[in-house]
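FYI, the numbering for the sequence shown is 45 to 618, going by the numbering used here.
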Amino acid sequence: MRNTVITLLCILSLGMLRAEARSFYVALNGSNSSSGSITAPWRTIAYATSSSSGVTAGDTIHVRAGNYPESVYPAVSGTLNNPIVVKNYLNESVNMNPGRFRFDSGINNWVIKGFSIMYSSSSGITVTGTHTGRIFVMNCTVSKHKENGFYLGNGFGGVGVYDCDVQYNGEWGGVQQSTEGTGIVMYGNSGTLWARRNLIANNWAKGVSHASAGTFNGDSTVFDSNLVINNFESGLDFRAGDSYIRYNYFSRNGVRDPEPGEWGDKGLSCAGNSGNLIAYNVVKSSGSWELDPRGSYSKYYNNTFIKDNYYNVVPGSPYSATIIFWDGNPPGNEFKNNIIMNLCSQPYHSQVVLAELWGRYDEQLWRNNLYWSPNSTAPSPYNRPFRLQGHSAGTYQTLAQVQANFPDQEIGSINAAPNFVSYADSNFHLAWGSPAIDAGTYVGFPYNGNAPDCGRFEYSSGNRPPWITPVLLDYIMDEDSYLGEVIEPFDPNRPAGSGWIWELEGLDLSGAGAPGAEVEGPMTLSLLPTQANEELLALVFPQEWSSANLAQARLSLHPADPQAAGPTVLITEP
Numbered sequence: 045m046r047n048t049v050i051t052l053l054c055i056l057s058l059g060m061l062r063a064e065a066r067s068f069y070v071a072l073n074g075s076n077s078s079s080g081s082i083t084a085p086w087r088t089i090a091y092a093t094s095s096s097s098g099v100t101a102g103d104t105i106h107v108r109a110g111n112y113p114e115s116v117y118p119a120v121s122g123t124l125n126n127p128i129v130v131k132n133y134l135n136e137s138v139n140m141n142p143g144r145f146r147f148d149s150g151i152n153n154w155v156i157k158g159f160s161i162m163y164s165s166s167s168g169i170t171v172t173g174t175h176t177g178r179i180f181v182m183n184c185t186v187s188k189h190k191e192n193g194f195y196l197g198n199g200f201g202g203v204g205v206y207d208c209d210v211q212y213n214g215e216w217g218g219v220q221q222s223t224e225g226t227g228i229v230m231y232g233n234s235g236t237l238w239a240r241r242n243l244i245a246n247n248w249a250k251g252v253s254h255a256s257a258g259t260f261n262g263d264s265t266v267f268d269s270n271l272v273i274n275n276f277e278s279g280l281d282f283r284a285g286d287s288y289i290r291y292n293y294f295s296r297n298g299v300r301d302p303e304p305g306e307w308g309d310k311g312l313s314c315a316g317n318s319g320n321l322i323a324y325n326v327v328k329s330s331g332s333w334e335l336d337p338r339g340s341y342s343k344y345y346n347n348t349f350i351k352d353n354y355y356n357v358v359p360g361s362p363y364s365a366t367i368i369f370w371d372g373n374p375p376g377n378e379f380k381n382n383i384i385m386n387l388c389s390q391p392y393h394s395q396v397v398l399a400e401l402w403g404r405y406d407e408q409l410w411r412n413n414l415y416w417s418p419n420s421t422a423p424s425p426y427n428r429p430f431r432l433q434g435h436s437a438g439t440y441q442t443l444a445q446v447q448a449n450f451p452d453q454e455i456g457s458i459n460a461a462p463n464f465v466s467y468a469d470s471n472f473h474l475a476w477g478s479p480a481i482d483a484g485t486y487v488g489f490p491y492n493g494n495a496p497d498c499g500r501f502e503y504s505s506g507n508r509p510p511w512i513t514p515v516l517l518d519y520i521m522d523e524d525s526y527l528g529e530v531i532e533p534f535d536p537n538r539p540a541g542s543g544w545i546w547e548l549e550g551l552d553l554s555g556a557g558a559p560g561a562e563v564e565g566p567m568t569l570s571l572l573p574t575q576a577n578e579e580l581l582a583l584v585f586p587q588e589w590s591s592a593n594l595a596q597a598r599l600s601l602h603p604a605d606p607q608a609a610g611p612t613v614l615i616t617e618p
């Protein structure tokens, strides 16, 4: 499992933990007939989470070091602002080998922290049934289960997965299983997923997936800052709407998949959904194509898509491109400020965009993308970067031809090598002089220089533009709101004696002249209930920080560059 080092500030909601919250303990030398105190601990996690233990909302169960081979079915619930927490005691090593958790109908508001949960004969974490949700799994290893890492079944509510290692699921005794094996799988009429800062890798099916056809009610899902690497099939198959997929890194997903009809699998698929923001991701080196945008009216902004893997596990693939549109793909997606590359040299596999029917390309909006496909060995016209099947001007076209044939759809894009800092080292920041610098169009995010750049990373040099009113970035009130951690800044490069400039999801908190907005030590932020469209937070300071006996200060939020280097934020216990 990994230490929690994040660049996101957690928010403390106004709801207060109940005063009578208690601590209980589980240890290998305990007894389930004991009181559960630190000197008389219980023996099993299963008992501690049962209705017999007397644990209630707001309580914390501390588990001492050791291996607990248990299947745990929690039978009581916390509340929105008073979850029940079960965690490893003082960072001691707690294993459940074999082990799993299962949350059934009506059980909700739990936090699981700091466990290694492995080798069960089913899935590591199961959340299923009506009114089951707000289950948060943090800083855990959930790996090597016979079925899936996380199984989120029909009717589940919100589930949060933070800072977890989710690997090698779908194997048993080192052998791949035939039916399951996804890191996080969602079935049926699924709920909302919040997944941040996880390593989701080497699973024997998909990395993360809505597993059945149709559109899911997973609105407001946030899939943020995850590493999704080398899963046997696709990296992320997503079917919900009005969600955020951002700051993720997808690489080498689907390169081993031997299914003949697919010829490898993709990095990212957004199907059966609408209104999503897919921004600031890197998607590269997948088995087939990097992006399959089967949904509608979503926004693909400032991503870097790189096809550089030629799939040859099953020969004869008829389709190989960076982005592919099938005949039935819906309309209305926007593609702006992306870098879209295909570095494959094999004939007929070097296209940046492939539309099975040219009209599917015509139904999207393309602005200020950078395309690059330099290596095709096919004869002209088959070496051209766009394949728009059945178009009257020819199926294979150059960017100039596409811009002439689709003047209302393809505007402002360029064909050029992006000039990364180091492609060989997967450093996709832009080097000085890159044609992607200032080549983008304004999409609502702050930028450096004269205009936004293309691709995942904004060039770090140049002048930041002035503040823009109204506020342009949204703060999402979500599952972090009740946790109540203290935030403590750490920046080894900070000049001595200088204060901090706080940023929250790209929003600068130092403006408006608020007293104490620049601070030297830990502080807590709390969300204020405000009227619609107001962009206000409260800064809450300990009394000793203010000679004026300040309790809190209200200030407006202004946009800050989400790529700007700021202090690392360490999450510590309150």
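Note that the Cβ used here is the ideal one computed from N, Cα and C, for glycine as well.
- Straight through space, the alpha carbons of F200 and E224 are spaced by roughly 19 Å.
- In this structure, S167 lies near E191, with their beta-carbon atoms less than 8 Å apart.
- For the set Y133, D309, R404, M385, the Cα lying nearest the Cα of E378 is the one of R404.
- Here H175 is exposed, its C-beta having fewer than 16 other C-beta atoms within 10 Å.
- Here DSSP, grouped into helix, strand and coil, assigns D207 to coil.
- DSSP places A323 inside the beta strand (DSSP E), whose first and last residues are 321-323.
- If you ignore the 5 residues before and after E114, its C-beta comes within less than 7 Å of the C-beta of T88, I89, A90, M140, G143, all in its own chain and listed in chain order.
- Separation of F276 and Y293 (C-alpha to C-alpha, rounded to the nearest whole angstrom) is 16 Å.
- Contact check for Q220 against G227 fails: the beta carbons are separated by 8 Å or more.
- As the crow flies, the alpha-carbon of F180 is around 21 Å from that of D286.
- Around G150, the same chain offers S121, G173, T174, H175, T176 as residues with beta carbons nearer than 8 Å, after the five sequence neighbours per side are excluded.
- The bridge partners DSSP lists for Q395 are A365.
- When only Cα atoms are considered, S504 and G235 end up about 38 Å apart.
- Looking at the DSSP output, V219 bridges to W216.
- Looking at the DSSP output, F489 sits in no beta bridge, so it has no partner there.
- In this structure, DSSP gives N246 a state outside helix and strand, which the three-state scheme calls coil.
- D352 is the residue among C498, D406, D352 whose C-alpha sits nearest the C-alpha of S389.
- Within the same chain, Cβ atoms closer than 7 Å to the Cβ of N419 are found at L387, C388, S389, S394, the five residues on either side in sequence being excluded.
- Contact check for L312 against V299 fails: the beta carbons are separated by 8 Å or more.
- D406: member of the alpha helix (DSSP H) spanning 402-406, first to last residue.
- When DSSP states are grouped into helix, strand and coil, Y133 belongs to the helix group.
- The residue among Y163, A460, Y133, I128 with its C-alpha nearest the C-alpha of N152 is I128.
- Rounded to whole angstroms, S253 and L280 show a C-alpha spacing of 6 Å.
- If the five residues before and after G74 are omitted, its C-beta is found closer than 6 Å to the C-beta atoms of P85, W86, R87, all from its own chain and listed in chain order.
- A distance below 8 Å between beta-carbons, with the five flanking residues on each side excluded, links S361 to the following residues of its chain, in chain order: W307, G308, S332, Y355, H393.
- The Cβ atoms of W238 and V272 lie no closer than 8 Å to each other.
- L401 sits close to Q433, with the two beta carbons spaced by under 8 Å.
- Bounds of the alpha helix (DSSP H) holding L443 are 443-449.
- Bounds of the alpha helix (DSSP H) holding A90 are 89-92.
- Within the same chain, Cβ atoms closer than 6 Å to the Cβ of A461 are found at W416, the five residues on either side in sequence being excluded.
- The DSSP-derived three-state label of S96 is helix.
- Residue range 169-171 is occupied by the beta strand (DSSP E) that includes T170.
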